[in-house]
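Asker: Dropping the structure in here first, questions after.
There are 2 protein chains.
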Amino acid sequence: MKRKVTLKQIARELDVSISTVSKSLRNSPEISEDTRQKVQAFAKLYNYKPNNIALSLKNKKTKTIGIIIPEIVHHFFATVISGIEQVANENGYNVIVCLSDESFDKEVINMEMLATGSIDGFIMSLSKETQLKKDFHHIVEVINQGMPVVMFDRITNDVFCDKVIIDDQMAAYEAVEYLINKGFKKVALVTTVDYVSVGKLRTEGYLKALRDNNMMAEEDMIVKIEDIDNCSVKIERLLEEQKPDAIFAVNELFAVTCIKLAAKMGVNVPDDLSVIGFTDGIISQFSSPAITTVSQNGIKMGRSAAKMLIDRLEMEEEDEHYRTEVIETHLVERESTPTL
Amino acid sequence: MKRKVTLKQIARELDVSISTVSKSLRNSPEISEDTRQKVQAFAKLYNYKPNNIALSLKNKKTKTIGIIIPEIVHHFFATVISGIEQVANENGYNVIVCLSDESFDKEVINMEMLATGSIDGFIMSLSKETQLKKDFHHIVEVINQGMPVVMFDRITNDVFCDKVIIDDQMAAYEAVEYLINKGFKKVALVTTVDYVSVGKLRTEGYLKALRDNNMMAEEDMIVKIEDIDNCSVKIERLLEEQKPDAIFAVNELFAVTCIKLAAKMGVNVPDDLSVIGFTDGIISQFSSPAITTVSQNGIKMGRSAAKMLIDRLEMEEEDEHYRTEVIETHLVERESTPTL
Chain E
1 MKRKVTLKQI ARELDVSIST VSKSLRNSPE ISEDTRQKVQ AFAKLYNYKP
51 NNIALSLKNK KTKTIGIIIP EIVHHFFATV ISGIEQVANE NGYNVIVCLS
101 DESFDKEVIN MEMLATGSID GFIMSLSKET QLKKDFHHIV EVINQGMPVV
151 MFDRITNDVF CDKVIIDDQM AAYEAVEYLI NKGFKKVALV TTVDYVSVGK
201 LRTEGYLKAL RDNNMMAEED MIVKIEDIDN CSVKIERLLE EQKPDAIFAV
251 NELFAVTCIK LAAKMGVNVP DDLSVIGFTD GIISQFSSPA ITTVSQNGIK
301 MGRSAAKMLI DRLEMEEEDE HYRTEVIETH LVERESTPTL
Chain V
1 MKRKVTLKQI ARELDVSIST VSKSLRNSPE ISEDTRQKVQ AFAKLYNYKP
51 NNIALSLKNK KTKTIGIIIP EIVHHFFATV ISGIEQVANE NGYNVIVCLS
101 DESFDKEVIN MEMLATGSID GFIMSLSKET QLKKDFHHIV EVINQGMPVV
151 MFDRITNDVF CDKVIIDDQM AAYEAVEYLI NKGFKKVALV TTVDYVSVGK
201 LRTEGYLKAL RDNNMMAEED MIVKIEDIDN CSVKIERLLE EQKPDAIFAV
251 NELFAVTCIK LAAKMGVNVP DDLSVIGFTD GIISQFSSPA ITTVSQNGIK
301 MGRSAAKMLI DRLEMEEEDE HYRTEVIETH LVERESTPTL
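Those protein sequence lines, which keep their order, are chains E and V. Heads up: the first sequence begins at 1 in the UniProt record's numbering, then just goes up one per residue. Heads up: the second sequence begins at 1 in the UniProt record's numbering, then just goes up one per residue.
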């Protein structure tokens, strides 16, 4: 049985990155002449055919939307998919979901796979690694060939396409100001490393809220987490050494971890410490105490993304103007902040 | 632009079900001659080509696994997908996920879409509606054409293929016996309607545990839920009228709903009422009190399903023997049952 050689196999065989193979096959000037020739010769030998989207687009519509998300065990992404499904079904479209597992290579491979005739357009949220590398050639390529892409949540300004976001900075600003208005003086931040776009924006919102309220941002009050599995040490040190009276956490896993570690140290939430999270998932609803949180409205985000994509797919003429839709957020008040 | 006509469009146009169209195109004797001819003529007119899997299988391997699950906002299914992803990646396979949204028609449409050359084989869990209709022709068809299918969790004995399950009856039996051994005399059951295979098996486990311990199963102590959004009335009536001292719930949403409604009525868990759930999801972990639950081990289930599928895909010769793998469950003791 003849097997189709994959991007990954070519990369492994030639000991180069998947990105290099992908770019070489598209004659990208970023790649040396020598490498390009080597990759192309190898691909030819094994009958590898890079996808020709424009060609397949001319022939047929699949009425299928491809979604690429970083991970699936994540309530926010699951709700966005539900929103996309709703609008897709209302308009007679199917939906296919692929996971990048936060890996750049997997994102490239999945786009390559889906773009070859399986779908009409993409709705995607960038992997952490893609944001770190700032390599978006695979997305630009797909758009240049005439296949529309809508990005949501984790986006980049380096690619021109339709986008659906929340105003992460504003949402964080409002959450932190809410804490300041409650009278808290030592408001800490538990956030992601800066290359995660939404984490960075939420960090900026935190800093701005402090500034606008004449409060000093202290380095020791800001914890940047690279990996959720190893965040306990840093958060424990924050609680012990800085004794914050309030914490703004940029996602619900960070928030619930703060609450659990505080409880272990005998710090009561909300009596001794207030916590606000981000993302209104089921952890926030069912944790004890239930967590006050910024609701992102994943369903609405998904619905908007699907509408934007389908509008573009069904447009009679090409439209070079891209839109960025900003979904409203709101604070859901629960038990991890004082009621008065 | 020429659009491919879909099964759904043909069904709507001729005012018949999707299943009828699908069966007519395969010359199924279940469909009247008249209808078959009408459907086939219409399909021909619009150039509809039913997938010819056998043909595409001969030509190439896609190294892609198709997953069809009933819903995505569900921690158990998300963990199964993670398990499948792990083994797929270890073996150089991609994964595509489609949702049936508990709809038979969507399950048929998704299989039709993926089977046409996008994937090498399926891993799936049946939609509620498929279980209710007991119509599995779309799955049998795919298998007959040489594309392997592995079913997990919600399976049917009417289709011969590889399966990965937990022993739902045994797991429920052990959970209920655990409650009986703690000395509880009035153990209620909150379960699904019978056509959901796993719900039915868990109900049987409950009944068997009572029987083996010489306890009477009372109809009023068993609540069967059709729709989670409207379950509160039934559960409230159970709590008020029957005053159970323990509840076994067949999933974690039922369990957390019981706990919340009990709290509203001033019934303390675990002092006045013990609750055991099923599925070790994040609701069970973060609810208050944290819920004692039967862990299904979704990751392991996903890994096993992927191994079975890949083994079959990479087999040199066809093997007509199908295996059913039973994944072990265990009880995770938390705060919703007494510690002594």
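Cβ coordinates follow ideal geometry from the N, Cα and C atoms, glycine included.
Let me check understanding here. Comparing Cα to Cα, which of T337(E), M308(E), G146(E) and D194(E) lies closest to D272(E)?
Answerer: If you number the first sequence from 1, residue 272(E) lands on position 272. Of T337(E), M308(E), G146(E) and D194(E), the residue nearest in Cα terms is T337(E).
Asker: Extract the residue ranges of the alpha helix (DSSP H) inside the stretch 90–132 of chain V, only unbroken runs of 4 or more that lie entirely within it.
Answerer: 104–115
Asker: How big is the Cα-Cα spacing for K134(E) and S127(E)?
Answerer: As a working mapping, residue 134(E) is identified with position 134 in the first sequence. As a working mapping, residue 127(E) is identified with position 127 in the first sequence. Rounded to the nearest angstrom, the two C-alpha atoms are 10 Å apart.
Asker: Where does H321(V) land, buried or exposed, given buried means 16+ other C-beta within 10 angstroms?
Answerer: In the second sequence, residue 321(V) corresponds to position 321, counting from 1. Under this definition H321(V) is an exposed residue.
Asker: Three Cβ pairs or more, each shorter than 8 Å: is that satisfied between the stretch 73–80 of chain E and the stretch 298–308 of chain E?
Answerer: Pairwise C-beta distances place the stretch 73–80 of chain E in contact with the stretch 298–308 of chain E, as three or more of them are shorter than 8 Å.
Asker: Which residues bound the alpha helix (DSSP H) around E13(V)?
Answerer: Within the second sequence, numbered from 1, the residue matching residue 13(V) stands at position 13. That run of the alpha helix (DSSP H) goes L7 to L14.
Asker: Could you please tell me which residues of the stretch 101–118 of chain E, in chain order, have their CB closer than 7 Å to any CB of chain V?
Answerer: Of all residues in the stretch 101–118 of chain E, D101, I109, N110, M113 and S118 have a Cβ within less than 7 Å of some Cβ in chain V.
Asker: Below 8 Å, how does it come out for the stretch 163–176 of chain E and the stretch 278–296 of chain E: are there three or more Cβ pairs, yes or no?
Answerer: yes
Asker: Report yes or no: do three or more beta-carbon pairs, one from the stretch 63–71 of chain V and one from the stretch 278–286 of chain V, lie closer than 8 Å?
Answerer: no
Asker: Tell me whether R3(V) sits in a helix, a strand or coil according to DSSP, three-state version.
Answerer: Along the second sequence, one-based indexing puts residue 3(V) at 3. Note that R3(V) scores a pLDDT of 49, beneath 50, so its modelled location is shaky and nothing firm can be said.
Asker: Give the interface partners of V97(V) over in chain E, defined as CB-CB distance under 8 Å, in chain order.
Answerer: Numbered from 1 along the second sequence, position 97 holds the residue referred to as residue 97(V). Within chain E, the residues whose beta carbon sits less than 8 Å from that of V97(V) are I72, I96, V97, C98 and L99, listed in sequence order.
Asker: What's the gap between the Cα of V150(E) and the Cα of I123(E)?
Answerer: Walking along the first sequence from the start, residue 150(E) turns up at place 150. Walking along the first sequence from the start, residue 123(E) turns up at place 123. Answer to the nearest angstrom: the Cα atoms are 5 Å apart.
Asker: Just to check, is the beta-carbon of K186(V) closer than 7 Å to a non-hydrogen atom of the ligand FMN?
Answerer: With respect to the ligand FMN, the structure shown offers nothing to examine, as it has no ligands at all.
Asker: Quick one: which chain V residues come within Cβ less than 7 Å of I81(E)?
Answerer: Residue numbering aside, residue 81(E) sits at position 81 when the first sequence is read from its first letter. Under the 7 Å cutoff, chain V gives I72.
Asker: Give the list of continuous beta strand (DSSP E) stretches no shorter than 3 residues that lie fully inside the stretch 268–297 of chain V.
Answerer: If we require 3 residues or more, the beta strand (DSSP E) runs fully inside the stretch 268–297 of chain V come out as 274–278 and 292–295.
Asker: Going along chain E, which residues have a C-beta under 8 Å from G92(V)?
Answerer: By one-based count along the second sequence, residue 92(V) stands at place 92. Within chain E, the residues near G92(V) are T6, K8 and Q9.
Asker: What first and last residue would you give for the alpha helix (DSSP H) that runs through T35(E)?
Answerer: Residue 35(E) sits at position 35 when you count from the first residue of the first sequence. Residues E33 to L45.
Asker: DSSP on S56(V), reduced to helix/strand/coil?
Answerer: Here the question's residue 56(V) lines up with position 56 in the second sequence. Since pLDDT at S56(V) reaches only 49, below the 50 mark, its modelled position is unreliable, and the value read off the structure follows with that caveat. Correct three-state label for S56(V): helix.
Asker: Below 7 Å between beta carbons is the criterion; list the residues of the stretch 262–284 of chain E that meet it against any residue of chain V, in chain order.
Answerer: I282 and I283
Asker: How long is the line joining the alpha carbons of K2(E) and K61(V), rounded to whole angstroms?
Answerer: The residue given as residue 2(E) occupies position 2 in the first sequence. The residue given as residue 61(V) occupies position 61 in the second sequence. Confidence is the limiting factor: at K2(E) the pLDDT is only 41, short of 50, which leaves the residue's position unreliable, though a coordinate-based value still follows. The C-alpha of K61(V) is placed about 7 Å away from the C-alpha of K2(E).
Asker: Does the stretch 227–240 of chain E come close enough to the stretch 201–208 of chain E to have 3 or more Cβ pairs within less than 8 Å?
Answerer: no
Asker: Which residues share a DSSP beta bridge with H330(E)?
Answerer: Start at 1 with the first residue of the first sequence, and residue 330(E) comes out as number 330. According to DSSP, H330(E) bridges with S295(E).
Asker: Who are the near neighbours of V159(E) in its chain, counting only those whose CB is closer than 8 Å to its CB and skipping five residues on each side?
Answerer: Mapped onto the first sequence, residue 159(E) falls at position 159. The residues are F136, I139, V140, I143, V149 and M151.
Asker: In or out: T329(V) buried (at least 16 other Cβ within 10 Å) or exposed?
Answerer: On the second sequence, position 329 is the one that residue 329(V) refers to. Burial call: buried.
Asker: Could you check the C-alpha separation between D311(E) and G302(E) for me, to the nearest Å?
Answerer: Residue 311(E) sits at position 311 when you count from the first residue of the first sequence. Residue 302(E) sits at position 302 when you count from the first residue of the first sequence. Those two C-alpha atoms are separated by around 14 Å.
Asker: Check each candidate in I119(V), E107(V) and N94(V) and name the one with the smallest Cα separation from V108(E).
Answerer: Along the first sequence, read from residue 1 onward, the residue named residue 108(E) stands at position 108. With distances taken between Cα atoms, V108(E) lies closest to N94(V).
Asker: Please confirm whether V256(E) has its beta-carbon closer than 8 Å to some beta-carbon of chain V.
Answerer: Walking along the first sequence from the start, residue 256(E) turns up at place 256. Answer yes: the Cβ-Cβ gap between V256(E) and chain V drops below 8 Å somewhere.
Asker: Mind checking whether K186(V) and P244(V) have CB atoms under 8 Å apart?
Answerer: Locating residue 186(V) in the second sequence gives position 186, where the first residue counts as 1. Locating residue 244(V) in the second sequence gives position 244, where the first residue counts as 1. Closer than 8 Å, so yes.
Asker: Given that E129(E) touches chain V, what residues does it touch there, using C-beta distances under 9 Å?
Answerer: Against the first sequence, residue 129(E) aligns to sequence position 129. Residues of chain V passing the Cβ test: none, with the nearest at roughly 14 Å.
Asker: Any beta carbon from chain V within less than 8 Å of S295(E)'s own beta carbon?
Answerer: Position 295 of the first sequence, counting from 1, holds the residue named residue 295(E). No, because no Cβ of chain V sits closer than 8 Å to the Cβ of S295(E).
Asker: According to DSSP, is R323(V) helix, strand or coil?
Answerer: For the purposes of this step, residue 323(V) is taken as residue 323 along the second sequence, with counting starting at 1. Residue state, collapsed to three classes: coil.
Asker: Determine, using beta carbons only, whether K208(E) and T324(E) come nearer to each other than 8 Å.
Answerer: To locate residue 208(E), count along the first sequence from 1; it is residue 208. To locate residue 324(E), count along the first sequence from 1; it is residue 324. No; because the gap between Cβ atoms is not below 8 Å, this pair is not in contact.
Asker: Is D194(V) helix, strand or coil when you go by DSSP?
Answerer: Your numbering for residue 194(V) matches position 194 in the second sequence. Coil.
Asker: Answer yes or no: do V332(V) and D167(V) have a C-beta to C-beta separation smaller than 8 Å?
Answerer: Against the second sequence, residue 332(V) aligns to sequence position 332. Against the second sequence, residue 167(V) aligns to sequence position 167. Contact: no.
Asker: Does any CB atom of chain V fall closer than 8 Å to the CB of K63(E)?
Answerer: The residue labelled residue 63(E) in the question sits at position 63 within the first sequence. Interface residue, yes.
Asker: Taking the beta carbon of T6(E) as the centre, do at least 16 other beta carbons fall within 10 Å, making it buried, or is it exposed?
Answerer: Counting from 1 along the first sequence, the entry for residue 6(E) is found at position 6. Buried, because 16 or more other Cβ atoms sit within 10 Å of the Cβ of T6(E).
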